[in-house]
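Engineer: Sharing a structure, written as structure tokens. Questions coming.
Residue numbers (the working numbering), protein chains in the order written: chain R, 709 to 828; chain S, 709 to 828.
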């Protein structure tokens, strides 16, 4: 089976291919961040590119501090169009400092929704 | 197909059957709350009963204020032993004031892990 767009998104992100990662999102995609008062903050397709650039920089900074953002293998839901990815931020000593879940909704082979939740 | 223990848990909770809801958890179950510094706080089986009593009281208080805790239908993951439940807290006017996800892990027909994440 071909790799899902969710797998592709994380692989491209790991390669620091911002435009490739951005292309995984549908034109009408939304990224619902965990932070913000809506609750969460909604980013549209254009705003998602800025977010990916920010996250790429943040990832490099975190790595430079010996920390690691760890993403587990995507697991699909039985409805077939959603997948969860557990993630964590780990300190240099391996201690988990943050944990969360991304809930993805796929449409026509693209990411339609990236809904982020975390411990807080 | 028989209803899953996750379905049973929410049905018993809605009926305010605290002991029935508690019985849905395995003896070695953990409830990983979204709040707390571990990140999240870990409650064991004995502590889960206190938590259920607290949440039952809180649910009644919230309802008395015209607010509603809304739990979506559980959706299983393709691995067969996990399920996600999206939840929200809504004000009297229907406005969503908080959203989150419970990620359940099932073992031998009981809840082994209830891992709670939210917007924050």
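Where a beta carbon is used, it is the ideal one built from N, C-alpha and C, also for glycine.
Since we're looking at a predicted model, the values are computed, not measured.
Between R/825, R/804, R/782, which has its C-alpha nearest residue 716 of chain R's C-alpha?
Structural biologist: Position 8 of the first chain holds residue 716 of chain R. Measuring from the Cα of residue 716 of chain R, the nearest candidate turns out to be R/782.
Engineer: For residue 761 of chain S, which three-state DSSP category applies?
Structural biologist: On the second chain, position 53 is the one that residue 761 of chain S refers to. In the structure shown, the three-state DSSP call for residue 761 of chain S is helix.
Engineer: What does DSSP give as the partner residue(s) for residue 826 of chain S in the beta ladder?
Structural biologist: By 1-based counting over the second chain, the position of residue 826 of chain S is 118. Residue pairing of residue 826 of chain S in beta bridges, as defined by DSSP: R/826, S/808.
Engineer: Three or more C-beta pairs under 8 Å: does that hold for the region 715 to 729 of chain R against the region 792 to 800 of chain S?
Structural biologist: no
Engineer: Using CA atoms only, rank isn't needed, just tell me which of S/742, S/766, S/789, S/824 is closest to residue 722 of chain S.
Structural biologist: As a working mapping, residue 722 of chain S is identified with position 14 in the second chain. Residue 722 of chain S has its Cα closest to that of S/766, out of S/742, S/766, S/789, S/824.
Engineer: For residue 768 of chain R, which three-state DSSP category applies?
Structural biologist: Mapped onto the first chain, residue 768 of chain R falls at position 60. DSSP places residue 768 of chain R in helix when its eight states are reduced to three.
Engineer: So what's residue 773 of chain R in DSSP terms, helix, strand or just coil?
Structural biologist: For the purposes of this step, residue 773 of chain R is identified with residue 65 of the first chain, where counting begins at 1. Residue state, collapsed to three classes: coil.
Engineer: Cα separation between residue 769 of chain S and residue 751 of chain R?
Structural biologist: Mapped onto the second chain, residue 769 of chain S falls at position 61. Mapped onto the first chain, residue 751 of chain R falls at position 43. For residue 769 of chain S and residue 751 of chain R, the distance between alpha carbons rounds to 34 Å.
Engineer: Judging by CA-CA distance, which residue of S/755, S/807, S/760, S/788 is the nearest neighbour of residue 777 of chain S?
Structural biologist: One-based indexing of the second chain puts residue 777 of chain S at position 69. Per the Cα distances, S/807.
Engineer: Taking the alpha-carbon positions, what's the residue 761 of chain R to residue 712 of chain R distance?
Structural biologist: Translated into the one-based positions of the first chain, residue 761 of chain R becomes position 53. Translated into the one-based positions of the first chain, residue 712 of chain R becomes position 4. Each residue's Cα considered, the two are about 22 Å apart.
Engineer: In terms of residue numbering, what span does the beta strand (DSSP E) encompassing residue 663 of chain S cover?
Structural biologist: The first residue shown for chain S is 709 and the last is 828, placing residue 663 of chain S beyond what the model contains.
Engineer: Taking the C-alpha atoms as reference points, what is the distance between residue 758 of chain R and residue 720 of chain R?
Structural biologist: For the purposes of this step, residue 758 of chain R is taken as residue 50 along the first chain, with counting starting at 1. For the purposes of this step, residue 720 of chain R is taken as residue 12 along the first chain, with counting starting at 1. Approximately 16 Å, taken between the alpha carbons.
Engineer: Among R/724, R/729, R/733, R/725, which one has its Cα closest to the Cα of residue 817 of chain R?
Structural biologist: As a working mapping, residue 817 of chain R is identified with position 109 in the first chain. Checked all of R/724, R/729, R/733, R/725; the closest Cα to residue 817 of chain R is R/733.
Engineer: Taking beta-carbon pairs under 9 Å, can you tell me which members of the region 774 to 788 of chain R lie near chain S?
Structural biologist: 783, 784, 785, 786, 787, 788
Engineer: So what does residue 748 of chain R bridge to, in DSSP terms?
Structural biologist: Your numbering for residue 748 of chain R matches position 40 in the first chain. According to DSSP, which records beta bridges pairwise, residue 748 of chain R is partnered with R/745.
Engineer: For residue 826 of chain S, which residues in the same chain have their Cβ closer than 6 Å to its Cβ, ignoring the five residues on either side in sequence?
Structural biologist: As a position in the second chain, residue 826 of chain S is number 118, starting the count at 1. So the qualifying residues of the chain are 742, 808.
Engineer: Note down the Cα distance separating residue 764 of chain S from residue 725 of chain S, rounded to an integer number of angstroms.
Structural biologist: As a first step, residue 764 of chain S must be located in the second chain, where it is residue number 56. As a first step, residue 725 of chain S must be located in the second chain, where it is residue number 17. Straight through space, the alpha carbons of residue 725 of chain S and residue 764 of chain S are spaced by roughly 9 Å.
Engineer: So if I threshold CB-CB distances at 8 Å, which residues from the region 798 to 821 of chain S count as touching chain R?
Structural biologist: 804, 805, 806, 807, 808, 809, 811
Engineer: Whose Cβ in chain S lies nearer than 9 Å to the Cβ of residue 742 of chain R?
Structural biologist: The residue labelled residue 742 of chain R in the question sits at position 34 within the first chain. 825, 826, 827, 828, listed in chain order.
Engineer: Are the CB atoms of residue 828 of chain R and residue 828 of chain S within a distance shorter than 8 Å?
Structural biologist: In the second chain, the residue the question calls residue 828 of chain S occupies position 120. In the first chain, the residue the question calls residue 828 of chain R occupies position 120. Cβ atoms of residue 828 of chain S and residue 828 of chain R: closer than 8 Å.
Engineer: Which residues in the same chain have their Cβ closer than 6 Å to the Cβ of residue 795 of chain R, if we skip the five residues on either side of it in sequence?
Structural biologist: Residue mapping note: residue 795 of chain R aligns to position 87 of the first chain, counting from 1. Once the five neighbours on either side are set aside, the close Cβ partners of residue 795 of chain R are 779, 808.
Engineer: Spell out whether any CB of chain R is found under 8 Å from the CB atom of residue 792 of chain S.
Structural biologist: Within the second chain, numbered from 1, the residue matching residue 792 of chain S stands at position 84. Chain R, which has a Cβ nearer than 8 Å to the Cβ of residue 792 of chain S, makes this yes.
Engineer: Give the straight-line distance between the Cα atoms of residue 731 of chain R and residue 814 of chain R, rounded to the nearest whole angstrom.
Structural biologist: Counted from its first residue, the first chain places residue 731 of chain R at position 23. Counted from its first residue, the first chain places residue 814 of chain R at position 106. Near 13 Å, if we compare the C-alpha coordinates of residue 814 of chain R and residue 731 of chain R.
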